[in-house]
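Chains as they are written, first to last, in our numbering: chain A, 1174 to 1640; chain B, 1174 to 1640; chain C, 32 to 550; chain D, 32 to 550. Okay, structure first, notes after.
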Ligand SMILES: Cc1ncc(COP(=O)(O)O)c(C=O)c1O
Ligand SMILES: Cc1ncc(COP(=O)(O)O)c(C=O)c1O
């Protein structure tokens, strides 16, 4: 065998071939590789061998090893899942994976618009398609996730208004809330705004009472974390306008084929996540944060992200691309004066969402919204018929997600979920820890992928468990 | 919804958009599409709607529908399988699937060497790599499968020798035997040659007795269908040479990193299947037949397949490709005088095997051969230790496959296999129908993918069943 | 017409100037490691090699190149970009090939381990899903053709023709007429395999030429050739000209009257799905190329399947196993009375069958008919446009409609300018297009064959037409630019002398080294 | 040198002259249909729209293009060919980016439904496989860095820097020193995010410039800047120059003496795996970019992960949840005393973690060290070759070895010929290569940065060098050909005036239409 301890020629390391090493050392004028590390003081050199598992250099063994571990996971292909809250199992058109699996896109990085024209075009198209969907003029190359997009929206609001306080709706995702808090601390002060306990809608009086000249903006989500559709966007907008504060709205873009866009009820900054637009869930590993605004220069220059612009070249009818306001805005172009920072984020997912939106078109987005609406309302209804359950808990319109109130059942959501799991169902997300004020409640999510029989199955099992 | 019965705009049919149809009809000068069928007599027109299931135009529904059916299959990822006999689960390097999944290769067909340079080069490389592996000078663009390659080898032998009889070893795959028989009938006469019942080797006396001036060639396989390594190749060759008959040898190319090649013990035509070289099994759906010979013109002009040749272009240091002897040999170039026929076959799998051989190199081919040898001999040994089992049945060297004799157990292979299946094991192929002379015997196959614990598992279960 | 969607592209094909894989050899580099046997196994059986007869140990290692993994990957990725797949171009210029959209969802479905990891010897019970799909596709095709049983064993259209010839032969053997009936009739505009695959079975094949006016097979010749020696007719309709033969039923009647079997080459049935069928046209057998009409990808030339249908009376001759449903489960039926045996080792090319199944399921009855309608609409649209291009014409059947394709001619262009079809073909490569001439012999002078299928939009058709017109203009104004093409392709004019000269041809790298490097 | 394996290629990038997706709009074409609700559901809940508040129904449909499926596919496939991924080129010219081989097996593994179809809210018990992989990668990185705990929450290197700054801040808040310690120190050759991500947390960031001789951060400046106001230092080593700072331990000691936290930017640790570690260099935290050193693909700029390690005393500040093993099973620990909270909504970018895990498993301890050894060998080989190219130089530390990359300069070339780094960059595109200048500010004049990693063979390095030498020769003999480049790329000189002028910039198609088409 040719793998011996002192003779390790690895398929990933061509020049591990000893004869080649020799030739190269000769060119360099060094006796051995160790000599190349001469600047690293001996005291800093690692003397021992790193204690790592034995290498699985055979690809087959590697595959078998990893798959054996992965088989301990139970995917939601195997169970029926009603989990959502910002990440959900939407249908991923096969072409989305075809494109993001293309070696060219998968392994490109930071080339120039001259060699990576396709990457620039695809991301420009992503920006443009998202801009249509959320009905704004400017959208960024996607950042990490919705939480980051919301955090940056707050920081943009601060820089635009030069005020240091952000109001945030209480009914946003608890994960996002934690990210925003860390990201804004200690530069921005954060205060939460209450919701009506009956309807789940924003408590306008509370909002009003908290508006003052420190307030840079108010961030809320629509639909809210609880799937409730906020219908007073325009009222909120005029409250904010009167206070010269910005309206920042987070939203799930898969709702926007059918739901009014935040920009059309007054949002100054719209943000959210593209996970629902053609990305698998990947245990929460496939997310991308979008930020959209008008083309107001005061806004554009506050984006930290890359913004790809279209242009012409010196050849007739040829498109070119490049970075807009790169030197002024970005930390790449302006280390000390750049806005926040820019770096590797979620480009491949942005391209994927561009494919998704191109395939769906306006009709597809309308239809998928309608299907989700119908299926989720069917679930709301059917669960609502079960004795002692209140569904939806909040008396308002819902999209995709809704809260079911289990307080009257005398049972804990956690134990109900355990029982459901035995029936190969992941029930709704238990809200009792993050929102203790709701007692025993759970957040259910329905997408276009659920079938009627999935929902009936849930309802049947809930009935059995609660009877 | 936009899908209505009379308004069917399908994602696969762009011009199903009514406005576009109108424009095009106008250009054509036709009132409607029906008018375009004017040459089809009314009596031949289908009056009814075809009775097919309702269309699943939603990709998600289509996927769910098909996967539901496929879930009725139990793959050999789920069970441990010892099935072989010409198709086996070898490890498929990930890059093989990456390349055969590339849209460019997947959807190319019959372009010129000018636009499809890559296709020509990849298949030329396939030919060249296979030529090294089987140690010959000429290899074809792959035909359908080993059975076809063997059939064509017989027909080539006939045309080369102008004789009309082929001798065939009795211990070849029964499937291949049927294909050869049909393909040669009625043009060629076929007679089988016996094997020694002890060793499984070819009965040289029987062979000798059947050689006469009608015999175009003798076809045998090495290793045989029963995994037995024929060691008298040279003797067979001289018998044939004396009779001016050709030696045609079928082989499993994964053996050839370690086993001597047929050409080196006298094969005039070498053939076999590339399934073991980087192809998944696909229920027997991924096969490719190779045929290899010397560069003797008398042989080359008898190939029916495409043979890609390398060339130069009018630009310095540029490779070009094209078809060798196309107009003379092929039915494409010579309808009435072409050899057999040519058409769509297994090109994508040929490209895949080229990737496989490029990755493996000589060392990889040696190592995989060695691993198979070791693992299969381990299995032979361990099974042989079980009471009342004879393993291997034939007292000779084996590679990858071997016959286990169950005659002494008083049980039928079919019922033993049923019991194994309950333990999630697919046992060896039951030979009792195709080779009644072997009584209750089974053909086991071991590849590099089997682990020791897979084999031990089989042995344990056999012991239990037979105790 | 030159709107943005149908503009003439400033195209250049990817050109990596890539070496031959053998040129990348670096001794001792490794592309991959196969697994080793476990130590415990080695302890027991040793190195394995000792198990081999001495003379059967390979003496000279194969001279495969040694290349590290990323370089192998890069090599084949680059070659892929050198290949003009249908997913990339407006692939209407490979007439007769029925290049259409191969849905990605079907690829995805077929890469499921429940497809890839099935062994053909598995017990029926463990492959019920696979058998169900095969059987249901049989049912679908019965409906589409009107015939009674399908087999998916033939791995290509040509193999289906061979299978038909085998069935014909067996049929007459059973009847005891095999000695008398040793002729087969086909037509010159049918696929060459209709000739050659029948000839493989020992038949004397007679060819009917076309009527120079109508382009259709000449009825008088037919009548002369057909007799009680005729075992079968093998005929395509529409033929490569795209003209539907309205006399097809007269032909099959005539054949039947003479006791022959009628075999229909419907490899390409794209223009007539749901419109007209083998049954009504009087055929006893027909086959469809799943890799054409039914949208499975061509894969550079396979894998493929020729789905072969027969009328009831020929059921008993089908290859075994036949996939059937016994009321409870799907079975592999090996008990077919006069079976011809097998034409392929394993039951079917399953991934191809699966993709065809999925394709039909996504379209349904109406969708299939729409496929035909639009294929025909697109074709007649092209006919109208292309015949307006200077130098181009559509021989035969003037003023008539065509079905799914047309064999055109550049004869006038050639006479006027000296530019040949081959020149135009190579120039089309400069715009990212295929253009195919035709099967030999070139009955139509300077032929080219175009088949748009249903898969391309009007804008794309216009783009293709734009390129043809542009090149026609070039031919008249600056023929050299056409004759010296390609200019923007991965490769330039190839030296053809290396292909027919035994002292030069190099079918493998080792032959190249022997013949050209040693000097 | 110009052997066949390192030849200067006659390259041309694929050029499809492809439109913008909006230009492909054909009203009523469809790309895909989402599923409809079952009829029974519609019967019960109606069309769904009626459930919406009137004013929340979207009034104006989004102006997304309507394009059939194959055309969408073709569009993005063409764009992919317009992109020069690392799988295609010899990608050593994107210095600092650690472009290496991203094994295809890892892609395959990560597309398993047991990976793609996991929801982040799933019960711990149902994701034990995922958690095991995350935790084991933690164990591996502990060994590689010497630090005590890793979190994989930061979705990039910059996010890891932000996280380090957050931990520093929290640490001093708990100590009650947050008001005093409001400064952070970094160096000019560290990554810009070491400055800017720290600044996001409100820190005043001080920058140490390099010593013009050694290229290393100037020790005297350091000493001046550091004080009891310093919360932390953020430093890369080797910096972008590839010079290892032998004084690194002096710096961390100094920082510790002043009560500051030492944060190590090891985004790129490719040259020192198994050679030297954060622990021995005295760091309290470090991070690795899994998408660099650990081989996960860059994906045009993400997804990514900055794996962040801390010493024991900082465990209590880690983001939640932390993935741990309680002796029986893997858990998501949310109970971390002084946790900073979260820096990303979900626990980690799982596919990235998985690929990094698989990569390490395929190499083991020896393999990782070989990665470093060969990366350094390759780099010094290039250094030797490139400094022989006319017009090129490697500023600083003359005669010394470098670790994994070098920041070179074309200053002389520029002075001699007027050709700039940007010109060379664009000319390199003509041979299928990237060449990157450097992060701003351009301290090194006419900079270019090359990092070969372990992934490229000597032949490939030679090919790249050949192209550089060739262009240098062109610059001296025929500079215009360089200045007018690219010639063989998909696109030509771009009009930059559209990028900084608010009346022209068009960040979206709709802005383009408003600003440029209306006129
Ligand atoms: C009409 C017709 N018949 C037969 C064939 C042969 O099919 P295959 O290439 O699958 O052998 C073709 C393929 O081009 C064809 O178009
Ligand atoms: C040294 C160094 N630090 C930090 C980063 C930032 O990493 P990311 O792009 O993941 O934010 C990089 C990436 O280029 C880097 O090279």
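Glycine included, each C-beta is placed from N, C-alpha and C at the ideal position.
Measuring only between beta-carbons, confirm whether residue 99 of chain D sits less than 8 angstroms from chain B.
Within the fourth chain, the letter at position 68 stands for residue 99 of chain D. Chain B, which has a Cβ nearer than 8 angstroms to the Cβ of residue 99 of chain D, makes this yes.
Give the DSSP bridge partners of residue 424 of chain C, in chain order.
The residue labelled residue 424 of chain C in the question sits at position 393 within the third chain. Per DSSP, C:440.
Smallest Cα separation from residue 505 of chain C: which of C:277, C:484, C:449 and C:523?
Here residue 505 of chain C corresponds to residue number 474 of the third chain, with the count starting at 1. Of the candidates C:277, C:484, C:449 and C:523, the one whose C-alpha sits nearest the C-alpha of residue 505 of chain C is C:449.
Would you call the CB atoms of residue 1534 of chain B and residue 95 of chain C closer than 8 angstroms?
Residue mapping note: residue 1534 of chain B aligns to position 361 of the second chain, counting from 1. Residue mapping note: residue 95 of chain C aligns to position 64 of the third chain, counting from 1. In this structure, residue 95 of chain C lies closer than 8 angstroms to residue 1534 of chain B by Cβ.
On the three-state DSSP scale, how would you describe residue 398 of chain D?
Here residue 398 of chain D is taken as the residue at index 367 of the fourth chain, counted from 1. Residue 398 of chain D sits in a helix when the DSSP states are folded into three classes.
Touching or not, the stretch 1225–1241 of chain A and the stretch 307–314 of chain D, by the rule of three or more beta carbon pairs under 8 angstroms?
Touching, no, given that fewer than three Cβ pairs across the two stretches are closer than 8 angstroms.
Closer than 8 angstroms to chain C by CB, residue 1234 of chain A:
Position 61 of the first chain holds residue 1234 of chain A. With 8 angstroms as the cut-off, residue 1234 of chain A counts as an interface residue toward chain C.
Within-8 angstroms CB hit, residue 1177 of chain B to chain A:
Working through the second chain from its first residue, we reach residue 1177 of chain B at position 4. Unreliable positioning characterises residue 1177 of chain B in this predicted model, as indicated by a pLDDT of 40, which lies under 50. The coordinate reading is nonetheless provided below. No, no contact with chain A.
In or out: residue 1573 of chain B buried (at least 16 other Cβ within 10 Å) or exposed?
Here residue 1573 of chain B is taken as the residue at index 400 of the second chain, counted from 1. The residue in question, residue 1573 of chain B, is buried, as its Cβ has 16 or more Cβ neighbours within 10 Å.
In terms of residue numbering, what span does the alpha helix (DSSP H) encompassing residue 478 of chain C cover?
As a position in the third chain, residue 478 of chain C is number 447, starting the count at 1. In the DSSP assignment, residue 478 of chain C falls outside any alpha helix (DSSP H) and within the unbroken beta strand (DSSP E) covering 478–481.
Can you tell me which residues form a DSSP beta bridge with residue 1392 of chain B?
For the purposes of this step, residue 1392 of chain B is taken as residue 219 along the second chain, with counting starting at 1. Looking at the DSSP assignment, residue 1392 of chain B forms a beta bridge with B:1341 and B:1421.
Does residue 1299 of chain A come within less than 8 angstroms of chain C when only Cβ atoms are used?
Sequence index remark: in the first chain, residue 1299 of chain A carries index 126 (1-based). No - not a single Cβ of chain C is within 8 angstroms of the one on residue 1299 of chain A.
List the whole-angstrom C-beta distance separating residue 467 of chain D from residue 455 of chain D, where the pair is believed to meet the contact cut-off of C-beta under 8 angstroms.
Here residue 467 of chain D corresponds to residue number 436 of the fourth chain, with the count starting at 1. Here residue 455 of chain D corresponds to residue number 424 of the fourth chain, with the count starting at 1. Not quite, the Cβ-Cβ distance comes to about 11 angstroms (not below 8 angstroms), so this is no contact.
Under the criterion of a Cβ to heavy atom distance below 7 angstroms, does residue 1465 of chain A qualify as lining ligand 1?
To locate residue 1465 of chain A, count along the first chain from 1; it is residue 292. No, the beta carbon of residue 1465 of chain A sits no closer than 7 angstroms to any heavy atom of ligand 1.
According to DSSP, is residue 180 of chain C part of a helix, a strand, or is it coil?
Taking the first residue of the third chain as 1, we reach residue 180 of chain C at position 149. Three-state result, residue 180 of chain C: strand.
List the residues that DSSP assigns as beta-bridge partners of residue 363 of chain D.
The sequence position of residue 363 of chain D within the fourth chain is 332, counting from 1. D:354, per the DSSP bridge assignment.
As a quick exercise: from B:1290, B:1433 and B:1391, pick the residue whose alpha carbon is nearest that of residue 1415 of chain B.
The residue you call residue 1415 of chain B lines up with position 242 of the second chain. Among B:1290, B:1433 and B:1391, the Cα nearest to that of residue 1415 of chain B is on B:1391.
Would you say residue 1570 of chain B lies against chain C (beta-carbon separation less than 8 angstroms)?
Position 397 of the second chain, counted from the first residue, corresponds to residue 1570 of chain B. Yes, residue 1570 of chain B lies at the interface with chain C (some Cβ there is under 8 angstroms from its Cβ).
Measuring only the C-alpha atoms, how far is residue 452 of chain D from residue 249 of chain D?
By one-based count along the fourth chain, residue 452 of chain D stands at place 421. By one-based count along the fourth chain, residue 249 of chain D stands at place 218. When the Cα atoms are used, residue 452 of chain D and residue 249 of chain D turn out to be separated by approximately 27 angstroms.
Please determine whether the Cβ atom of residue 337 of chain D lies at a distance below 7 angstroms from any heavy atom of ligand 2.
As a first step, residue 337 of chain D is located in the fourth chain; it is residue number 306 there, counting from the start. Residue 337 of chain D Cβ: within cutoff of ligand 2.
Reducing DSSP to helix, strand and coil, say where residue 527 of chain C ends up.
Taking the third chain and counting its residues from 1, one reaches residue 527 of chain C at position 496. Residue 527 of chain C carries a coil assignment under DSSP once its states are collapsed to helix, strand and coil.
Does DSSP put residue 1574 of chain B in a helix, in a strand, or in coil?
Working through the second chain from its first residue, we reach residue 1574 of chain B at position 401. In the structure shown, residue 1574 of chain B sits in a strand (DSSP, three-state: E or B).
Contact between the stretch 409–429 of chain D and the stretch 237–248 of chain D is defined here as three or more beta-carbon pairs at a separation below 8 angstroms; is this criterion met?
By the Cβ test, the stretch 409–429 of chain D is in contact with the stretch 237–248 of chain D, since at least three Cβ pairs between them sit closer than 8 angstroms.
Any C-beta of chain B sitting closer than 8 angstroms to the C-beta of residue 62 of chain D?
Counting from one through the fourth chain, the residue named residue 62 of chain D turns up at place 31. Using beta-carbon distances, residue 62 of chain D counts as an interface residue toward chain B, with a partner under 8 angstroms.
Once DSSP output is grouped into helix, strand and coil, what is the label at residue 382 of chain C?
To locate residue 382 of chain C, count along the third chain from 1; it is residue 351. In the structure shown, the three-state DSSP call for residue 382 of chain C is helix.
Rounded to whole angstroms, how far is the Cβ of residue 1303 of chain A from the Cβ of residue 1475 of chain A, which I believe are closer than 8 angstroms?
For the purposes of this step, residue 1303 of chain A is identified with residue 130 of the first chain, where counting begins at 1. For the purposes of this step, residue 1475 of chain A is identified with residue 302 of the first chain, where counting begins at 1. Going by Cβ atoms, the distance from residue 1303 of chain A to residue 1475 of chain A rounds to 18 angstroms, so no, they are not a contact pair.
Could you spell out where the beta strand (DSSP E) holding residue 522 of chain C opens and where it closes?
Position 491 of the third chain, counted from the first residue, corresponds to residue 522 of chain C. Run containing residue 522 of chain C: none; DSSP gives neither H nor E here.
Please go through the same chain and pick out, in chain order, the residues whose beta-carbon is closer than 7 angstroms to the beta-carbon of residue 356 of chain C, but skip the five residues on each side of it.
As a first step, residue 356 of chain C is located in the third chain; it is residue number 325 there, counting from the start. Exclusion of the five residues before and after residue 356 of chain C leaves 166 as the residues of its chain whose Cβ lies within less than 7 angstroms of its Cβ.
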